[in-house]
Amino acid sequence: MHRFLAVMPLVLLARRKEHLTDSSRREEVDMIMSMRDMLGKKTWFKAVGGEVVDYLGGVQPGFCTCHSQNLCEGQRCYCDIADNRKHRKDEGFSRIKEQLPILEMTFLQNHQGYANMTLGPLVCWGNELQPLDSSITLTTSESHLKIDTWNHGELRLQFKTHQDNALILMQTSSNSDTGNRFTIKIISSREVEFYFLINGTVVREVFRMSTSLNQGDWHQISVDHDPFDVRLGLDKVQRLIRLDTSINGVVDYDGMLYVGGLPSHVAGSLGENRPGLTGCIRGFMYNGKAVELTQFIDGSTSGVSADCRSSCWPNPCENGGTCKEQWGNYTCICQDPWAHQGVNCERNLNDDAVTFGGGPNSYLLYDLSKYSDILDKTVVLSFRTQQADALLMYAYDHLSNFLQMELHQEKTIVFTYNNFHTIVRGSITVQDKLNDGEWKQIIAQNYYNNTKLIYGDQSQIIEFRRMKLRSYSVDPFKDSIKKETVFITRTYEEPLPFIRLYVGGVDDGGTSTPFLKGCIRGMRMGDIQIELAHGIEGRDNITDLTPSCVAGCKANTCLNHGECFEYWKYGNFSCDCSNSDFSGVHCEKEASALLNGLSVIQHKFELPLLAQRTTTEVVTLTFKTNLPLPTNERGQRVDMALIYVKSSQSGDYILARLDAAGNILMETNQGVGLYRMKISGNFANGELHQLLYSRKGTSMYLTVTPLDSKGNQIVDGIRKAQFGYPHYDLDKIDTIFIGGLVPDENQFENIANFTGCISNAVFTPSPSQHIKIRTLKDLHLNEKDVSVIGPEVTSCSATAWADTSTADLSLDSLITTENYEKLTMPAWDVGPAEVVTLSPPVVVPPTPVTTSHPSLGHNETKALITMSSGTNVDGVTVVVAVLVIAGILLLALVIVLLLLRKRRGHYDLNKEEDIELKQPLNHHDIVLVPSSPVPPDHLAKLDEFSMITAILGPKYTTETIAPNHNNRNSGSFGKMEDSDYINPIFNKRKQRPASSISEVLEELERRQQAQNLDSKEEILRQPRGEENSQWDPQTDRAPLTYKPEDNSPSADESHGNYNSLVEGNGDSGYEAESRPEITEEDSTPDVNGDDDDDEDDDDADELNECDDLSPSKLLISNVDNQDSPILSSPDTHILKENSQES
């Protein structure tokens, strides 16, 4: 049962059962003393809770049931007795619920001897919710219980049975003639009848179910009622029955209630002839309470027992027999009633089998003289063979009365016997072949004095009786139309009475029908078993007879299209691999070669005359390589040859190779031209590929198919190519090279030998001729026409080959020499532990050696054969190479670091040159460096302008409201405290804040000069013009962006341009362009070469001339409205303070 359940559901099911048991059996042949004390030390079980169980049938660890009964000669178990080779057996049952089910069995391996261990089925019965003590089993049709009257409340019960006609219960009355009564009956396999007789009124209801009621399953019946209605239920089906007005309720009884049946005298008085229930009843409820029926069992209740355990669980019937439940008893219906006998079908005549070799002594002879009427009995036997005709059996007596059975023309069974002096020959012909090697059972039944031939579901009656001769004659059947096919020597004198049986043949070969080459088993005549294996004993020269018939040819015995030939006996067979590309006992060994670039396989042959000229040749092979393609002496990659099919006479050839890019290139020459086909792809990637080349007249086809690790095609990766060319024959092919070319093939250039695994290479010159040249297979079979040029090659499995550096497979180890052993479990390995190498040894690939040969052939090209020298590099060379490489890498690293250091120094110098642009203009502690000359077209950087504008604007306070300039001041400036105010740079020359970087730098330079002179008064004495020219921010509304006056637009246009320049789009970014302010000093060349510091006396004149010059150009775009300074803001007191200070 637990084969179909997971562990947890099985455990839950077991816990709900009231009783559980699990059986274990151990059978063992003790070969040596080491098998002793096996239980508990070398064998144990694991319970569902993890507990280790190391006993059978008891609770003492390491002991079996026999020890507690003192039956195993002082040993722990029978199997521990080691005095002889007797087959011994221990068995026991585990009934501890907490240990069940058993989940694991552990066996420690031993070197000799064998043992069979069987874990029986888990048997569960009962239910914790419905204890078995409240259930009863009724074993006969007269079994019943008598309980008190049902007078109120609901009636409910459950039953199970295998009957389709039974009385479940009856409520009787004290007056059997006129009293009320109630019955529940099974009237068919799907129908139950409820019957009420109340005050002369009948209420009858029949339930017809969709499922059978006689399958041994539980079914529930319920009856509920009130004064007006009655509700009847069967399983999940319920019906409400309205009572007649004359009936005041259905419970009005004064007799006894019989459960399960009736006593014979009560049944006779009521006229009830239905048998009682044989089965189980549980869950009985009536009169408002549950009732345990087991309390009513006493000495008078025969055939009733407590609990409800099926007699068919576990199934007592063997050999596939079916158990018929009889509740307390059972009957086994055997699966094969002709061959299985016994109460439990325990005798299997099919276990007795003999293999016949078909030779002149291949027959069995029995003396059946003591069974005088055996020739009138039914003959049963099973046979298996691959013959079309064979003699199966022949029985005769001293008067020449006989029975004969034979196989004729592979589909017909012929049964021959005599009807007095007439030979009767009947037959049955079947659709299936009878010589397919499978068991076929034939029955010649004595059917009402006729003979009925039976095979499976087919039968044929021979309407002639077996009528015996009463007198002896030397030629009893001379007047019969049908003649004998078995010839028995008859003397002129009547022999003494005897009856003899021949099986599989006859003595001295006296038959025209071949002897059987095959097997016969399970033979009997009437009730007499013919012991076949026993019949071999005492025979001389019985090499053609074997007391066993085990099939050797199974579904996958011969693999890869090999043909299996059956010899039976102990599983003997042979595989014909002639039509397969594989070899070995089971055709399981790939015809393969592991090549390392040093060897070429050469096959010379001669084709039949009709196959020497062909236009339909086919070439197939499987290959795998994962090594880089070889190179020539110039370091160029070269091709690798896979297979070269050629004619040494005509020069025609087919060449398949991997080119330098890993593509497949197929080349052919029929003596009139060279034709090539290519399939692109990296086929040297270590994966398995199958190459198929074929030609049909003028069309060439090339297919490359990737294969998985098991050799199955990967359909998505198939690549094909097709090419057409003139129709020419491929003539007189007589040589095949696999894995490369030979040095005398000088017409090819840059082709090296193959490194990798090649298997199943087959050349088919003409499919219609059924000729296949299997070079690699012939190499495995040591055919003399196949040779290896270079070192010997080993075999490889293309599906398992990984790398030539780790492959170490010998040819001999891959060819099987023995049959597979038939095992019930995997074979035990008594060898040493497997050694796993985690780090493979370092192997340096062999150094390629290139050999060039002079040009020969019509191509006028050189043949370049690349081979490996096979010399390994020692460890010192490897260490030196590693140190040289490490030194080169270290030197390169130092050079890179020096270059990076030099580049960083150059970057630092550039940063120092621009340091003046990176300093904030309002930093009080800054030491200004002399400003570099500013080119006329200089554009202020973003950070320059940002630093300037950060100090140009006046302070904003909470009371300051900007004048209305089209709401340009409605930005999002935060509030600023007085301490956050920044003094702007004031251009004293123009009486306004500085508006460009040149003005800022100029003012800062003046202040620096004043500090150097250490005299503020000296600065005040210098004529600046501040006193006479005051800047009014309310009237000076000029924007910060100007054009020269010559090209400036009108005031209105300027105003409009101003609005367009400063009108924001809400973005907080900006762009700026700044140019130095043009002054007279800037515009007039310095003829005298004086410095700017020497022109202080001309400052007043310069200021007057500045009015005619355009200010510096300052462009502002994408600026938030409040980013521009509000020059007309009242918060200009700082400017006034600066003015007063000056």
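Heads up, the sequence shown is in UniProt numbering, so the first residue is 1 and it goes up one at a time.
Beta carbons are placed, not taken as given, at the ideal position from N, Cα and C, and that holds for glycine.
| Asked | Found |
| --- | --- |
| Beta carbon proximity, residue 438 to chain C, threshold 8 Å | Chain labels in this structure do not include chain C; a single protein chain is all it has. |
| For residue 218, the residue or residues it bridges with in DSSP | Looking at the DSSP assignment, residue 218 forms no beta bridge with any residue, so it has no partner. |
| Cβ-Cβ distance between residue 141 and residue 261 below 8 Å | yes |
| Whole beta strand (DSSP E) elements within the region 704-774, 3-residue minimum | 719-724, 735-738 and 755-764 |
| Extent of the continuous beta strand (DSSP E) run through residue 656 | 653-658 |
| DSSP-derived helix/strand/coil call for residue 603 | strand |
| Cα-Cα separation, residue 1143 to residue 553 | There is simply no residue 1143 to check, as the chain begins at 1 and stops at 1142 in what is shown. |
| Opening and closing residue of the beta strand (DSSP E) in which residue 424 lies | 422-429 |
| Three-state class that DSSP yields for residue 551 in the structure shown | coil |
| Residue 99 (DSSP reduced to helix, strand or coil) | helix |
| Distance between residue 360 and residue 420 (C-alpha atoms, nearest Å) | 31 Å |
| Contacting residues, own chain, Cβ-Cβ under 6 Å from residue 525 (five flanking each side not counted) | 374, 377 and 379 |
| Residue 718 beta carbon less than 8 Å from that of residue 643 | no |
| Local conformation of residue 878 per DSSP, three classes | helix |
| Cβ neighbours of residue 1144 in the same chain (closer than 8 Å, five flanking residues each side left out) | It is not possible to answer for residue 1144, since the shown part of the chain is limited to 1 through 1142. |
| Contacts around residue 340, its chain only, beta-carbon distance under 6 Å, and the 5 residues preceding and following it disregarded | 319, 334 and 348 |
| Element boundaries [beta strand (DSSP E), containing residue 689] | 688-696 |
| Own chain, CB closer than 6 Å to residue 227, minus 5 neighbours either side, in chain order | 248 and 249 |
| Residue closest to residue 656, alpha-carbon to alpha-carbon, out of 438, 192 and 678 | 678 |
| Cβ-based burial, residue 475 [other Cβ within 10 Å; buried from 16] | exposed |
| Presumed contact (8 Å Cβ cut-off) between residue 286 and residue 150, rounded CB distance | 5 Å |
| Sequence-distant residues of its chain with Cβ nearer than 7 Å to residue 1050 (five each side left out) | The predicted model places residue 1050 with a pLDDT of 41, which falls under 50 and marks its position as unreliable; any figure quoted below should be read in that light. Correct list: empty, nothing qualifies. |
| Bounding residues of the beta strand (DSSP E) (the contiguous stretch that carries residue 641) | 639-646 |
| Three or more C-beta pairs below 8 Å linking the region 609-617 and the region 574-593 | no |
| Supposed close pair residue 277, residue 138 - CB separation, criterion 8 Å | 6 Å |
| Cβ neighbour criterion (16 or more within 10 Å) applied to residue 1022 | Low local confidence applies: a pLDDT of 46 at residue 1022 is under 50, so the model's placement there is unreliable, and no value is given. |
| Contact check, residue 171 vs residue 283, beta carbons under 8 Å | no |
| Reference residue 222; option with closest CA among 576, 154 and 180 | 154 |
| Segment limits, alpha helix (DSSP H) that includes residue 268 | 264-270 |
| Proximal residues to residue 60 (C-beta, below 6 Å), its chain only, five neighbours per side dropped | none |
| Nearest to residue 46 (by Cα), restricted to the options 600, 778, 103 and 72 | 103 |
| Contact under 8 Å by Cβ, residue 738 with residue 601 | yes |
| Nearest to residue 572 (by Cα), restricted to the options 303, 355 and 200 | 355 |
| Coarse secondary structure for residue 392, derived from DSSP in three states | strand |
| Residue of 648, 136, 72 and 52 minimising C-alpha distance to residue 101 | 52 |
| Closest by C-alpha distance to residue 369, when choosing among 399, 388 and 357 | 399 |
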